[in-house]
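**Q** Take 157 as the starting number for the sequence shown in the numbering used here and just add one per residue.
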Amino acid sequence: MEKLFRAVDEPFPGNYARQAIEESRSFVTGWYAKADRIPTPEDCRRRVAESMPEMLPVFDAMGEFSGGDPAMIAALAGIDPPPLIPAGCTVRAFTRPEPTMLRNYDFHPDATSAVILRSRWSGVRVLGMSEGVSGLLDGVNEHGVAAALTFGGRHVYGQGFGIVQIVRYLLEVSRDLRDAAEVLRRVPCAWAQNLLVQDRSGKALCAELAPDRPPLIVEADTVTNHQADEVPRESSRWRFKTACSLADNADAGRTVFTEGKLCLDDFDGWLGTLYTAEYRPARGSVRFHWGADSWEQSLDRFEDGARRIAYGVGAVPRLVA
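#1: Going by the C-beta, is P437 closer than 6 Å to any heavy atom of the ligand MN?
#2: Mind checking P253: buried by the 16 CB within 10 Å criterion, or exposed?
#3: I'd like the list of long-range same chain contacts for I229, defined as Cβ closer than 6 Å, with 5 residues on each side in sequence excluded.
#4: DSSP puts W347 in a beta bridge; with which residues?
#5: Does DSSP classify K190 as helix, strand or coil?
#6: Give the C-beta separation of G224 and S290 to the nearest angstrom, bearing in mind that I take them to be a contact with Cβ-Cβ under 8 Å.
#7: Starting from L327, trace the alpha helix (DSSP H) both ways and give me its first and last residue.
#8: With a threshold of 6 Å on Cβ separation, who are the neighbours of G308 within its own chain once the five nearest residues in sequence on each side are excluded?
#9: According to DSSP, is E386 helix, strand or coil?
#10: Using beta-carbon positions only, say whether H445 and T411 come within less than 7 Å of one another.
#11: If you follow the alpha helix (DSSP H) that F458 is in, where does it begin and where does it stop?
#12: Compute the beta-carbon to beta-carbon distance between F161 and I465, rounded to the nearest angstrom, for a pair I have assumed lies under 8 Å.
#13: So what's G295 in DSSP terms, helix, strand or just coil?
#14: Sorted by chain position, which residues of the same chain lie with C-beta nearer than 6 Å to A270's C-beta, five sequence neighbours on each side aside?
#15: Compute the beta-carbon to beta-carbon distance between E166 and L273, rounded to the nearest angstrom, for a pair I have assumed lies under 8 Å.
#16: Cα separation between P237 and R341?
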């Protein structure tokens with residue numbers, strides 16, 4: 157089983173965004189066909205203006221690529237997304253030897269965009285793993301804020317924004333944890349999702365978001381796939397315990413994420429580790445790991461290109477080309 161990861165430098169939506177929208181059109185049409193209703197383009201634009209006004213120019217630009225398709229416009233805005241198979245994921249923030257966030261993205265290779273994108277959509281440089289064209293699974297901005305999402309463990313769905321668009325917006329506008337917390341308190345999230353945010357100071361917060369209750373935001377350095385008042389599933393419980401038990405040293409914890417107990421191989425169960433991202437917020441950099449192989453990118457030094465990664469049961473991910 158293989159997946160091609162690409163690195164794309166596109167300051168404002170252009171050729172990459174246009175192509176990605178076309179490639180995803182069939183999936184989006186089928187996905188939104190499961191929704192009770194598809195919000196109108198006018199409703200989407202109104203809700204973006206209310207909750208994410210800084211993103212309106214980007215929304216309008218991508219809307220030009222949509223062909224007027226209401227489902228595609230809703231997906232690009234991240235408005236009221238229908239249910240989707242959730243990912244797993246483990247995230248841990250460290251303060252030594254410098255502020256660092258390690259995150260494992262656990263899902264299936266067929267269900268992720270696998271595009272590392274450097275952009276400047278609202279005047280702030282942002283770098284991260286793109287998802288759904290307009291969203292991010294994880295990323296860092298020029299102010300030294302890093303963020304990564306996980307599934308929240310509850311199958312509840314409602315009105316709001318998709319978590320990948322919330323991560324994108326947070327990194328577009330946040331200069332520190334205070335800004336990030338303000339975004340997470342006021343932007344409604346459509347699914348149960350968790351988020352870990354770290355800034356250049358080394359401090360970190362965990363946000364538990366859901367459409368059926370107010371957000372819970374606390375200082376924390378670890379997050380997996382359960383929320384505070386829920387009994388965690390076994391996988392989430394032991395990954396949380398394992399990550400919490402690590403010493404506050406990213407250099408020591410890295411191997412546990414990339415090749416140790418936190419590197420998963422249950423791809424049939426949609427819980428295999430597709431990559432480990434090592435964010436250094438103060439540097440504006442990330443190193444993507446696949447076992448012993450890695451690819452470093454930063455806001456200042458970005459390398460266009462591609463890496464083909466192989467996955468298998470009982471084996472850590474590895475670079476093949």
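Virtual Cβ for every residue (Gly too), placed ideally from N, Cα, C.
**A** Looking at the coordinates:
#1: For the structure depicted, the ligand MN is absent and the ligand set is empty, with no information on it obtainable.
#2: Position 97 of the sequence shown, counting from 1, holds the residue named residue 253. The residue is exposed, with fewer than 16 neighbouring Cβ atoms inside 10 Å.
#3: Your numbering for residue 229 matches position 73 in the sequence shown. Counting only Cβ-Cβ distances below 6 Å, and skipping sequence neighbours, we find P197, C200, G219 and S222.
#4: Residue 347 sits at position 191 when you count from the first residue of the sequence shown. In DSSP, W347 forms a bridge with Y313.
#5: Sequence index remark: in the sequence shown, residue 190 carries index 34 (1-based). It is coil, neither helix nor strand.
#6: In the sequence shown, the residue the question calls residue 224 occupies position 68. In the sequence shown, the residue the question calls residue 290 occupies position 134. Actually they do not touch by this definition, with Cβ atoms about 17 Å apart.
#7: For the purposes of this step, residue 327 is taken as residue 171 along the sequence shown, with counting starting at 1. Segment I319 to V329, the alpha helix (DSSP H) holding L327.
#8: Against the sequence shown, residue 308 aligns to sequence position 152. Excluding sequence neighbours, G308 sits near A348, Q349, N350 and Q383.
#9: For the purposes of this step, residue 386 is taken as residue 230 along the sequence shown, with counting starting at 1. Three-state DSSP puts E386 in coil, outside helix and strand.
#10: In the sequence shown, residue 445 corresponds to position 289, counting from 1. In the sequence shown, residue 411 corresponds to position 255, counting from 1. Cβ atoms of H445 and T411: not closer than 7 Å.
#11: Indexing the sequence shown from 1 puts residue 458 at position 302. F458 -> no alpha helix (DSSP H), and no H or E assigned at all.
#12: For the purposes of this step, residue 161 is identified with residue 5 of the sequence shown, where counting begins at 1. For the purposes of this step, residue 465 is identified with residue 309 of the sequence shown, where counting begins at 1. With 8 Å as the limit, F161 and I465 qualify as a contact, their Cβ atoms being about 6 Å apart.
#13: Reading the sequence shown from its first residue, position 139 is the one you call residue 295. G295 falls in the strand class under three-state DSSP.
#14: Sequence index remark: in the sequence shown, residue 270 carries index 114 (1-based). Closer than 6 Å at Cβ, skipping near neighbours: K159 and F161.
#15: By 1-based counting over the sequence shown, the position of residue 166 is 10. By 1-based counting over the sequence shown, the position of residue 273 is 117. 7 Å between Cβ atoms; contact.
#16: Walking along the sequence shown from the start, residue 237 turns up at place 81. Walking along the sequence shown from the start, residue 341 turns up at place 185. Going from the Cα of P237 to the Cα of R341 covers about 19 Å.
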